[in-house]
Structures are given as C-alpha cells and as structure tokens.
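Visitor:
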Amino acid sequence: KLTVSQLTPPRLCRRPATTDDLLEISYLGTVLDTGAVFDGSSIKIDGKGIPGRANDVALFFVLGKQPFGQFPPAFDAGLEGMCVGERRRLIVPPVLAYGSQGLTRRGIPPNATLQYDVTLVSINGLATPQ
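Position one of the sequence shown corresponds to residue 7 (this note's numbering), numbered consecutively onward.
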C-alpha cells in the first residue's frame, strides 16, 4: 500500500493538482532500507547531473500522463490533490515501484521500498498558492 504523509502543508489551497495538470516538482528519491539516493531533481553523481535531468532544480510532468519508467506507478496517486508549496513523503512498496526486477541503472535493488520527498513548485505554470 502506498503511504502518503504531509511534511509541510500549503499556505493556501483552493486549487489542488488533478489529472492532466502540468506539475513542476522538486524531489529526492531514496531506497528506504539503506537511505541510498537513487534519483532527484537536482542531485549530481560524480559532479554530473543525472541523465535526462539536465541539472535542473525541478522537473515538469503531466499528472497521470508520465512516460512509463519515469516514476513508479504509485507516484501519480501520491501527488493527486497536492497544492503549491506543499511537501509530501511517499513510501512506495516494491509492488507499486519496480518489484522483483528493481531498476539497476538507477541503483534500485530488487524488492526495494522507495521513499520520495516531493515539493510541488507550480501547477500549470502558477507558482503562487491558489
């Protein structure tokens, strides 16, 4: 089961994120058991940005329409209803992440539970709380 915890509440929230919204997020992904960082919006490994991230401090994607493999399937469900300025922690079990295969190119072992700390920066280009 996906576990979602609110770490920082939004100052104002009349317009939560819904499917088809363009979200801008900053995040950090770690393997829960070891704390090993496997992904993030602004991390570097050996001084180089993670391939596909272009050293950006945030990532844009359309909620509910992400390419397969960009994030685990549970990621969209964990961000549904999130508001600008809110910070959440997602605990994603293996069955909703990368399962028995893991994702070795990112350092995710088989049957790993993942933790994502996510901050919603903007919805559809609007960065002020709505």
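Where is the CB? At the ideal position from N, CA and C, for every residue including glycine.
Taking the alpha-carbon of P70 as reference, which of N117, P99, D26, Q107 has the nearest alpha-carbon?
Guide: The count along the sequence shown starts at 1 and reaches residue 70 at position 64. Correcting the residue identity first, residue 70 is Gly in this sequence and not Pro. Of the candidates N117, P99, D26, Q107, the one whose C-alpha sits nearest the C-alpha of G70 is D26.
Visitor: Quick one, which of N130, A80, T24 has its alpha-carbon nearest L8's?
Guide: As a working note, residue 8 is residue 2 in the sequence shown. When only C-alpha atoms are compared, the closest one is A80.
Visitor: Buried or exposed: which applies to T125, given that a residue is buried once 16 or more other Cβ atoms fall within 10 Å of its Cβ?
Guide: Walking along the sequence shown from the start, residue 125 turns up at place 119. By the neighbour-count rule (16 or more Cβ atoms within 10 Å), T125 is buried.
Visitor: Between which two residues does the beta strand (DSSP E) holding G113 run?
Guide: As a working mapping, residue 113 is identified with position 107 in the sequence shown. G113 -> no beta strand (DSSP E), and no H or E assigned at all.
Visitor: At what residues does the alpha helix (DSSP H) containing L85 begin and finish?
Guide: On the sequence shown, residue 85 is found 79 positions in, with the first residue counted as 1. Unbroken alpha helix (DSSP H) run through L85: 80 to 85.
Visitor: Are the stretch 104 to 120 and the stretch 18 to 33 touching, with three or more C-beta to C-beta distances below 8 angstroms?
Guide: No, the stretch 104 to 120 does not touch the stretch 18 to 33.
Visitor: Please check the pair G14 and R93, which I expect to be a contact at CB under 8 angstroms, by giving their CB distance rounded to whole angstroms.
Guide: Translated into positions along the sequence shown, residue 14 becomes position 8. Translated into positions along the sequence shown, residue 93 becomes position 87. According to the sequence displayed, residue 14 carries Thr and not Gly. Confirmed, Cβ separation roughly 4 angstroms.
Visitor: Just the C-alpha distance for Q121 and D39, rounded to the nearest angstrom, thanks.
Guide: Residue mapping note: residue 121 aligns to position 115 of the sequence shown, counting from 1. Residue mapping note: residue 39 aligns to position 33 of the sequence shown, counting from 1. Each residue's alpha carbon lies about 9 angstroms from the other.
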